[in-house]
Amino acid sequence: YAPATNLPAGPFVPARQFAAVPCLPCWSDINPRLGAAYDLFGNGKTAIKFNIGRFVGGEAVDIASANHPVNSSVNATTRTWADANGNYVPDCDLRSPNANDECGRIDNLNFGLNNPNAYRFDPNLLTGWGKRNLTWQAQATVQHELRPGMAVNAGYFRTWYGNFRVTSNQALTPADFDAYCITGPSDPRLPGSGGQICGLFDVKPDKFGQSRQVVELASNYGDWTEVYHGIDLTLTARMRKLFLTGGLNTGRTEVDYCSVVKTNPQVLPGVATTATAGTVAFTAPRIDSFCDLVTPWRAQTQFKLAGVYELPYQIEASVAYQHFPGITPGVGTTGGSASIVANNALIAPSLKRNLAAGSTATVVVDVMPQFQRYEGATDQFDIRFIKAVRVAGKRLQGIFDIYNAFNARPVLAVNTRYSGATGGAWLTPTSTLVGRLVKFGVQFDF
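The C-terminal residue of the sequence shown carries number 511 in the working numbering, and the numbering is unbroken.
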């Protein structure tokens with residue numbers, strides 16, 4: 066729940082009193098889980114296992130905080146500004162929400178008003194049965210003992226997700242937007258180099274700034290599906306002086322939320338954390354190539370191998386090798402791998418007018434969907450030596466570690482902003498694997 070709150074008057078609002086808000090949220094769920102195992106040959110060496118279960122997402126205080134009347138009011142806004150005389154001062158009446166002098170209209174007309182309903186969660190989402198984020202997980206595996214101390218395991222895994230959320234501006238309808246296209250950068254590294262990118266929308270000028278944000282279930286607008294298929298192959302071996310384990314994991318993720326966003330420009334996938342944000346950061350064109358996504362199997366293929374061996378003089382040596390696929394630029398399943406900042410001059414010819422935010426406004430547009438580009442794979446090799454001795458009846462361990470022994474430097478994150486005629490800093494690494502690290506340590510157990 067959100068507790069009662071009393072606030073003094075501010076520059077834009079009078080003193081405010083808000084009563085407590087209960088049921089943030091009040092959810093009920095039934096989560097069935099079932100598992101079974103079968104000894105295939107009756108000798109205890111080969112087992113077939115199956116299980117399926119429903120799981121729900123964790124929830125702390127995010128929803129209660131977001132629905133607190135103070136947070137659900139609009140406490141900040143943005144507006145465009147053209148510094149006509151170059152004095153670095155907005156020569157306009159900032160207290161006026163409408164365009165005047167050098168300043169454009171504010172992007173949320175609820176700013177400065179005592180309006181706790183400017184941003185809220187749909188009551189249908191906050192209460193009832195089966196409203197929480199959920200996953201169904203199923204797996205079928207076969208385990209077989211090759212010899213005493215050595216076994217292989219093969220499994221298929223399927224995970225599918227549900228109860229996705231969107232943020233909709235219920236002050237607007239699809240008819241309150243105009244569609245437009247832009248010409249993408251001419252670069253062979255981009256799909257459709259130099260071609261038209263459509264599925265973009267701008268609110269009509271007379272509707273600009275009108276906002277009533279509601280977080281609700283995506284199913285109110287269409288189907289949003291996300292399914293993961295995975296295959297695991299593993300080996301575990303225990304011998305007199307050697308322990309070895311490792312395996313191969315691969316998978317594919319299928320995401321499709323096109324029916325939710327393609328014809329509903331007032332709907333944004335995801336959840337705006339507060340009314341201050343106004344909208345979710347969603348910069349993808351509303352076309353199939355950006356909302357119907359499938360990862361290739363190679364993009365989620367991993368190989369791992371680890372072993373421990375006892376050397377002479379009771380020295381324990383261990384190694385670990387990991388192979389991960391290269392990263393795909395972008396964030397989540399709704400973020401592109403390349404984006405540009407499109408100005409009004411680029412947009413206006415197709416839109417047939419200036420942007421509603423003003424002639425100085427810009428729009429971030431994704432020009433490459435997720436899962437179309439991958440950086441080089443990550444190969445990491447780590448080594449550890451441990452020597453244990455007894456000191457006064459206590460155990461003392463000397464530890465010598467070599468992290469990333471071959472000093473691999475794969476890229477872990479890159480810049481996704483495409484700028485200029487050739488991309489500028491696009492794909493410039495922003496994070497790489499930490500270089501070779503040698504570490505000495507002591508562990509004393511008492």
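For each residue, glycine too, the CB sits at the ideal point set by N, CA and C.
Since S404 and Y483 should fall inside the 8 angstroms C-beta cutoff, what is the C-beta to C-beta distance between them, to a whole number of angstroms?
6 angstroms
Roughly how many whole angstroms lie between the Cα atoms of A141 and I262?
When rounded, the distance between both Cα atoms is 32 angstroms.
For A244 versus I117, is the C-beta spacing smaller than 8 angstroms?
In this structure, A244 lies away from I117, with their beta-carbon atoms at least 8 angstroms apart.
Using a Cβ distance threshold of 8 angstroms, determine whether the stretch 257-273 contacts the stretch 288-298, with at least three qualifying pairs required.
no
Span of the alpha helix (DSSP H) holding P134?
134-137
Count Cβ pairs between the stretch 187-203 and the stretch 148-158 that sit closer than 8 angstroms; are there 3 or more?
Flag = no, the stretch 187-203 and the stretch 148-158 do not touch.
Classify T344 as helix, strand or coil using the three-state DSSP reduction.
Because the pLDDT at T344 is just 48, under 50, the model does not fix this residue reliably, and the point stays unresolved.
Is there contact between the stretch 321-335 and the stretch 214-231, where contact requires at least three CB pairs shorter than 8 angstroms?
yes
Out of T348, L313, R212, point me to the one whose CA is closest to R363's CA.
L313
Mark P97 as exposed unless 16 or more other C-beta atoms lie within 10 angstroms of its C-beta, in which case mark it buried.
exposed
Hey, quick one: how far does the beta strand (DSSP E) through A302 stretch, first residue to last?
290-303
Would you mind reading off the limits of the alpha helix (DSSP H) that contains V325?
Unbroken alpha helix (DSSP H) run through V325: 323-326.
Skipping 5 residues on each side, what residues in its chain have a beta carbon closer than 6 angstroms to that of A302?
M215, L309
Whole angstroms is fine: what's the gap from F106's alpha carbon to K114's?
Per the coordinates, the alpha-carbon of F106 lies some 14 angstroms from the alpha-carbon of K114.
For A421, which residues from the same chain have a beta carbon less than 7 angstroms from its beta carbon, with the 5 sequence-adjacent residues on both sides left out?
D267, V268, K269, P270, F273
Are there 16 or more other CB atoms within 10 angstroms of the CB of S137, so buried, or fewer, so exposed?
With 16 or more other Cβ atoms within 10 Å, it is buried.
Counting beta carbon pairs with one atom in the stretch 446-466 and one in the stretch 370-386, are three or more of them shorter than 8 angstroms?
yes
By a C-beta neighbour count over all protein chains shown, 10 Å radius and 16 as the cutoff for buried, is P250 buried or exposed?
buried
Taking CB distances under 8 angstroms as the criterion, tell me whether P79 reaches chain B.
Here there is only one protein chain, and chain B is not present.
Three Cβ pairs or more, each shorter than 8 angstroms: is that satisfied between the stretch 344-359 and the stretch 412-419?
no
Could you check if A457 is buried or exposed, using at least 16 other CB atoms within 10 Å of its CB as the buried criterion?
Under the 10 Å beta carbon count, A457 is surrounded by fewer than 16 other beta carbons and is classified as exposed.
Under 8 angstroms by Cβ, that's how I've got Q275 and G316 pegged, so tell me the actual separation to the nearest angstrom.
No, Q275 and G316 are not in contact; Cβ-Cβ is about 43 angstroms, not under 8 angstroms.
Could you spell out the range, first to last residue, of the alpha helix (DSSP H) harbouring L477?
Taken as a continuous stretch (DSSP letters only), L477 belongs to no alpha helix (DSSP H), being part of the beta strand (DSSP E) at 476-479.
Which value, in whole angstroms, describes the spacing of the CA atoms of F509 and W92?
Distance between the alpha carbons of F509 and W92 is about 48 angstroms.
Can you give me the C-alpha to C-alpha distance between N180 and Q82, rounded to a whole angstrom?
12 angstroms
What residue does the beta strand (DSSP E) around S424 start on, and which one ends it?
Note, S424: premise wrong, no beta strand (DSSP E); not H, not E.
CB-CB under 6 angstroms to D466, same chain, minus the five flanking residues each way: which ones, in chain order?
The beta carbon of D466 sits closer than 6 angstroms to the beta carbons of R449, K504 from its chain, once the five residues preceding and following it are set aside; these are given in chain order.
I'd like to check one pair, A67 with N163: are the Cβ atoms closer than 8 angstroms?
No, the Cβ-Cβ distance between N163 and A67 is not below 8 angstroms.
Below 8 angstroms between beta carbons: does that hold for R277 and A236?
yes
Between which two residues does the alpha helix (DSSP H) carrying F355 extend?
353-356
Between the Cα of G257 and those of G287, L376, L298, D431, spot the shortest distance and give me the residue it belongs to.
D431
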